[in-house]
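See below for the structure under consideration.
In our numbering, the protein residues as written are 358 to 496.
Written out as C-alpha cells, the structure reads:
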C-alpha cells in the first residue's frame, strides 16, 4: 500500500549542531566534542537524517552564546543545504547525548506547527526580545 509506505518514509531532517570556534581550554575538550558529534552522526545515519556541524562565529555582532540563533537563521535563509531541502531543521546542543538510538522523533505529532521549542516559554520570549532589540539597534 502506497499510503503505508509514505508513512514509513522518514521526513527530510537536517540536524544542526555547533561548537565554539575556539579550541577547548581543557585537554580533553576536543575529544568530548568529537564524541558528541559522533553520537549525533550515528543517530542521524540510523534515521536517514543529514547533519550540519558548525564551528564558526556566524554573526560577530552577536554574543557567542547566541551563535546558534545566527546559524539557524542562516540555514533557514538558505533553504537548501547539501543540495537538499528539508521538512525539519533540528537544533541539538553539543552537550546533549542521544542514548536511545531506537527513539523515533514523533514528527507526525507536529504536522500542523512550524516550530517546536522545548523549554521555559517565558525565558524563550525574554531572550528572543533581546535578540530583536540588538538587531534593531544595528540597523
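Heads up, the beta-carbon is just placed ideally off N, CA and C, and yes, glycines get one too.
Own chain, CB closer than 7 angstroms to residue i, minus 5 neighbours either side, in chain order
i	result
residue 414	378, 421, 424
residue 361	With a pLDDT of 49 at residue 361, under the threshold of 50, the modelled position of this residue cannot be trusted; read the value that follows with caution. So the list is empty, once near-sequence residues are dropped.
Endpoints, alpha helix (DSSP H) assigned at residue i
i	result
residue 432	424 to 435
residue 330	An answer regarding residue 330 cannot be provided, because it is not within the stretch 358 to 496 covered by the chain.
Residue i: first and last residue of the uninterrupted beta strand (DSSP E) it sits in
i	result
residue 375	370 to 375
residue 446	445 to 448
residue 409	407 to 411
Other residues of its chain near residue i: CB distance less than 6 angstroms, five sequence neighbours each side excluded
i	result
residue 405	367
Any chain B beta carbon closer than 8 angstroms to residue i
i	result
residue 400	Going by chain labels, chain B is absent from the structure shown, which holds only one protein chain.
Residues near residue i by beta carbon distance below 8 angstroms, same chain, minus five either side
i	result
residue 493	Unreliable positioning characterises residue 493 in this predicted model, as indicated by a pLDDT of 46, which lies under 50. The coordinate reading is nonetheless provided below. Closer than 8 angstroms at the Cβ level, and outside the excluded window around residue 493, lies no residue.
residue 429	373, 446, 448
Inter-residue CB distance, residue i and residue j (contact presumed, cutoff 8 angstroms)
i	j	result
residue 444	residue 370	7 angstroms
residue 455	residue 411	The Cβ separation is near 19 angstroms, so there is no contact.
residue 398	residue 408	6 angstroms
residue 427	residue 416	4 angstroms
residue 419	residue 458	The Cβ separation is near 34 angstroms, so there is no contact.
Residue i vs residue j beta-carbon contact at 8 angstroms
i	j	result
residue 376	residue 451	yes
Query raised in the report: Can at least three beta-carbon pairs, one atom from the region 455 to 467 and one from the region 382 to 389, be found at a separation below 8 angstroms?
Result: No, the region 455 to 467 does not touch the region 382 to 389.
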